[in-house]
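Below you'll find the structure, written out as structure tokens, and then a few comments.
Residue numbers (my numbering), protein chains in the order written: chain Y, 2 to 145; chain G, 3 to 388.
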């Protein structure tokens, strides 16, 4: 099982990408279409995130994905300096914002266009969409 | 009614390897080396161990202990996949096993090549609980505990005014304690200025807010108190023990309160089992994956109120000679990272009065916590038997 030695430089590090599950596929499909889709219980109507099979409030297994509002307020944040994955080395330091969405769930995503000094609990932000390839679009926050 | 587990099981043996950065030994070899030392400490023939709880993922399975130590009849083998809460949670499981007669002696072991083997962001992928973080957070650049726990620390600072100076105090005191212990990775003094000058990892965590990536092995033996009292070392019983899991256990982001860990649930149960309160504790070994994690656990444990953990750690209160000495061995921040089994070993030494220059005078009762896996929290309260 011999292998020819590599003659070229090692490939650039790749961005880690989500592997959707049967439960989360509609969320990622929505992202790709530029729509923020969340999972709502068909029985009691409560929202849940991240997507999962059973409603923890009424135990119904029936649910539907519906478009949710994009606004939210800052719950907390971190500024990532050390790239634990080499893909992120070029973009560090970057801000990861944890946001209380108006829809009633939280979303963690990078925050673009807001300086670190402007961060404060409760600051309003808006969810946007950042395509990373044909299949995958990731959420990103920008100033509202 | 007295809880049926209270003081019925004991820590009968402790053992650890050298803590280093760099080793040629495997995780398995480190676990076996520490296990043989723990068995020798207890005066137990290796073949009489009948329960094994190896750390997962740690390079060893219970079958390895049969093959290497010649166990004659293994009656319990288990993994407890709770990250940093694993080792102390294993004490609860072992105590249940030895008090019900399922086992005579349960071996809990950790071997880690955290420096010379795979590093933290690689290891985490082996944890089942990280699947959600891998799907929703790794793609946006959040992988490591230093990043995932940083948002909780930042929120505590914003809500309560907790400061980097208070984080530094935990790091500096822990280092002072490490220097008193010969077997540590970090043996040079650390100042507040050193802490503040260290590079930012994930704000608000600087390098010296983070625990070590190190190599080493540790092991403890849990036996029924009735057996342990005839063994080699002074009797240290398990007065109370519990594990707890937070709401939204696999996603910190979705947790109703970022600062409510599993310890919120387990600590009251352990204190009730032991029949004691925070004021009765002479020494505490607090899981210190990050400086802030210590501050918040001190609040949850009831040593101070929520929001007062920062001021609480100042002015020598957590140093040897203070009101509540913590991490008297140097912890994960300065001694070595064996997932907190070194905390159990140190607490046992304190209560045996074997802690040398770091001995807390007249220590009778102490507690040890485990924290990890996105916020699981385990606790054991140990007592020096009269």
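Just so it is clear, CB atoms sit at the ideal spot from N, CA and C, and this is done for glycine as well. Computed from a prediction, not measured in an experiment: that's the story for all the values here.
Amino acids of chain Y, ordered along the chain, whose beta-carbon sits closer than 7 angstroms to that of residue 146 (chain G)
As a working mapping, residue 146 (chain G) is identified with position 144 in the second chain. Within 7 angstroms Cβ-Cβ: 85.
Taking only beta-carbon positions, decide if residue 91 (chain Y) is within less than 9 angstroms of chain G.
Taking the first chain and counting its residues from 1, one reaches residue 91 (chain Y) at position 90. False, the Cβ-Cβ gap to chain G never drops below 9 angstroms.
Below 8 angstroms, can you find three or more Cβ-Cβ pairs linking the segment 166-175 of chain G to the segment 205-212 of chain G?
yes
Give me the chain G residues within the contact set of residue 79 (chain Y), using Cβ-Cβ distance strictly less than 7 angstroms, ordered along the chain.
Along the first chain, one-based indexing puts residue 79 (chain Y) at 78. Here the neighbours are 149, 152, 153, 156, 204, 205.
Quick one: residues in its chain with C-beta nearer than 6 angstroms to the C-beta of residue 10 (chain G), no 5 flanking neighbours on either side, listed in chain order?
Here the question's residue 10 (chain G) lines up with position 8 in the second chain. Hits under 6 angstroms: 101, 227.
Could you check whether the segment 109-118 of chain Y touches the segment 138-149 of chain G, counting it as contact only if at least three pairs of C-beta atoms, one from each stretch, sit closer than 8 angstroms?
yes
Which residues in chain Y sit within 8 angstroms of residue 272 (chain G), going by Cβ to Cβ distance?
Indexing the second chain from 1 puts residue 272 (chain G) at position 270. Here the premise fails: no neighbours, minimum Cβ distance about 27 angstroms.
Alpha helix (DSSP H) containing residue 302 (chain G): first to last residue?
Numbered from its first residue, the second chain carries residue 302 (chain G) at position 300. Residues 293-302.
Identify which residue in Y:80, Y:48, Y:26, Y:134 has its Cα closest to the Cα of residue 118 (chain Y).
If you number the first chain from 1, residue 118 (chain Y) lands on position 117. For residue 118 (chain Y), the nearest C-alpha among the options comes from Y:80.
Check for me: the beta strand (DSSP E) holding residue 344 (chain G) runs from which residue to which?
Counting from 1 along the second chain, the entry for residue 344 (chain G) is found at position 342. Per DSSP, residue 344 (chain G) belongs to no beta strand (DSSP E); it is in the alpha helix (DSSP H), 343-354.
Beta-carbon neighbours of residue 142 (chain G), restricted to chain Y and to distances below 7 angstroms
Taking the first residue of the second chain as 1, we reach residue 142 (chain G) at position 140. By Cβ distance, chain Y contributes 97, 109, 110, 111, 139.
Measuring alpha carbon to alpha carbon, tell me which residue in G:161, G:356, G:60, G:256 is nearest residue 48 (chain Y).
By one-based count along the first chain, residue 48 (chain Y) stands at place 47. Checked all of G:161, G:356, G:60, G:256; the closest Cα to residue 48 (chain Y) is G:256.
Going by beta carbon distance, what residues of the same chain come within less than 8 angstroms of residue 138 (chain G), once the five residues before and after it are set aside?
On the second chain, residue 138 (chain G) is found 136 positions in, with the first residue counted as 1. Excluding positions up to five away in sequence, the list reads 253, 255.
Chain Y contact for residue 136 (chain G) (CB, 9 angstroms cutoff)
Taking the first residue of the second chain as position 1, residue 136 (chain G) is located at position 134. Yes, its Cβ sits closer than 9 angstroms to a Cβ of chain Y.
Between residue 33 (chain Y) and chain G, is the shortest Cβ-Cβ distance under 9 angstroms, so that the two count as touching?
Indexing the first chain from 1 puts residue 33 (chain Y) at position 32. No, because no Cβ of chain G sits closer than 9 angstroms to the Cβ of residue 33 (chain Y).
Can you tell me which of the three DSSP states residue 190 (chain G) falls into?
In the second chain, the residue the question calls residue 190 (chain G) occupies position 188. Of the three classes helix, strand and coil, the one that applies to residue 190 (chain G) here is coil, per DSSP.
Among the candidates G:368, G:12, G:217, whose CA atom is the shortest distance from the CA of residue 239 (chain G)?
Against the second chain, residue 239 (chain G) aligns to sequence position 237. Per the Cα distances, G:12.
Considering residue 107 (chain G), what are the terminal residues of the alpha helix (DSSP H) in which it resides?
Taking the first residue of the second chain as 1, we reach residue 107 (chain G) at position 105. No alpha helix (DSSP H) holds residue 107 (chain G); the beta strand (DSSP E) holding it covers 107-115.
Buried or exposed: which applies to residue 156 (chain G), given that a residue is buried once 16 or more other Cβ atoms fall within 10 Å of its Cβ?
One-based indexing of the second chain puts residue 156 (chain G) at position 154. Burial call: buried.
At a Cβ cut of 8 angstroms, what residues of the segment 49-69 of chain Y count as close to chain G, listed as they run along the chain?
50, 51
Checking contacts by CB at 9 angstroms: is residue 122 (chain G) closer than that to chain Y?
Residue mapping note: residue 122 (chain G) aligns to position 120 of the second chain, counting from 1. Yes, its Cβ sits closer than 9 angstroms to a Cβ of chain Y.
In angstroms, rounded to a whole number, what distance separates the CA positions of residue 105 (chain G) and residue 148 (chain G)?
Position 103 of the second chain holds residue 105 (chain G). Position 146 of the second chain holds residue 148 (chain G). Using only the alpha carbons, I get a separation of about 38 angstroms.
Rounded straight-line distance, which links the Cα of residue 165 (chain G) to that of residue 193 (chain G)
Here residue 193 (chain G) corresponds to residue number 191 of the second chain, with the count starting at 1. Here residue 165 (chain G) corresponds to residue number 163 of the second chain, with the count starting at 1. The alpha-carbon atoms of residue 193 (chain G) and residue 165 (chain G) are separated by roughly 16 angstroms.
Report the partner residues of residue 375 (chain G) according to the DSSP bridge assignment.
Locating residue 375 (chain G) in the second chain gives position 373, counting from the first residue. None, per the DSSP bridge assignment.
DSSP beta-bridge partners for residue 244 (chain G)?
Against the second chain, residue 244 (chain G) aligns to sequence position 242. Answer is G:381.
Length-filtered (3 minimum) beta strand (DSSP E) runs lying within the segment 44-131 of chain Y:
64-68, 72-81, 95-102, 107-112
Kindly indicate which three-state DSSP category residue 89 (chain G) falls into: helix, strand or coil?
By one-based count along the second chain, residue 89 (chain G) stands at place 87. Correct three-state label for residue 89 (chain G): helix.
Which listed residue (G:160, G:331, G:292, G:93) has its alpha carbon closest to that of residue 187 (chain G):
The residue labelled residue 187 (chain G) in the question sits at position 185 within the second chain. Per the Cα distances, G:331.
N-terminal and C-terminal residue of the alpha helix (DSSP H) that residue 313 (chain G) is part of:
Looking up residue 313 (chain G) in the second chain gives position 311. Note, residue 313 (chain G): alpha helix (DSSP H), 311-314.
Look at the Cβ atom of residue 269 (chain G), then the Cβ atom of residue 230 (chain G), and state whether they are nearer than 9 angstroms.
Within the second chain, numbered from 1, the residue matching residue 269 (chain G) stands at position 267. Within the second chain, numbered from 1, the residue matching residue 230 (chain G) stands at position 228. Not a contact, by the Cβ cut-off of 9 angstroms.
Exposed unless 16 or more other CB atoms sit within 10 angstroms - verdict on residue 134 (chain Y)
Looking up residue 134 (chain Y) in the first chain gives position 133. Label assigned to residue 134 (chain Y): exposed.
Can you give me, in chain order, the residues of the segment 239-273 of chain G that have a beta carbon less than 9 angstroms from any beta carbon in chain Y?
252, 253, 254, 255, 256, 257, 260
Unbroken beta strand (DSSP E) run spanning residue 18 (chain G), endpoints:
For this step, residue 18 (chain G) is matched to residue 16 along the second chain. Looking at the DSSP string, the run of the beta strand (DSSP E) that includes residue 18 (chain G) is 11-18.
Whole-angstrom C-beta distance between residue 63 (chain G) and residue 89 (chain G), which should lie under 8 angstroms
As a first step, residue 89 (chain G) must be located in the second chain, where it is residue number 87. As a first step, residue 63 (chain G) must be located in the second chain, where it is residue number 61. At roughly 17 angstroms, the Cβ-Cβ gap does not stay under 8 angstroms, so residue 89 (chain G) and residue 63 (chain G) are not in contact.
Against chain Y: residues of the segment 159-174 of chain G by CB proximity under 9 angstroms:
160, 161
Measure the alpha-carbon distance for residue 120 (chain G) versus residue 246 (chain G) and round it to whole angstroms.
Stepping through the second chain from its first residue, residue 120 (chain G) is reached at position 118. Stepping through the second chain from its first residue, residue 246 (chain G) is reached at position 244. Computed Cα separation, rounded: 28 angstroms.
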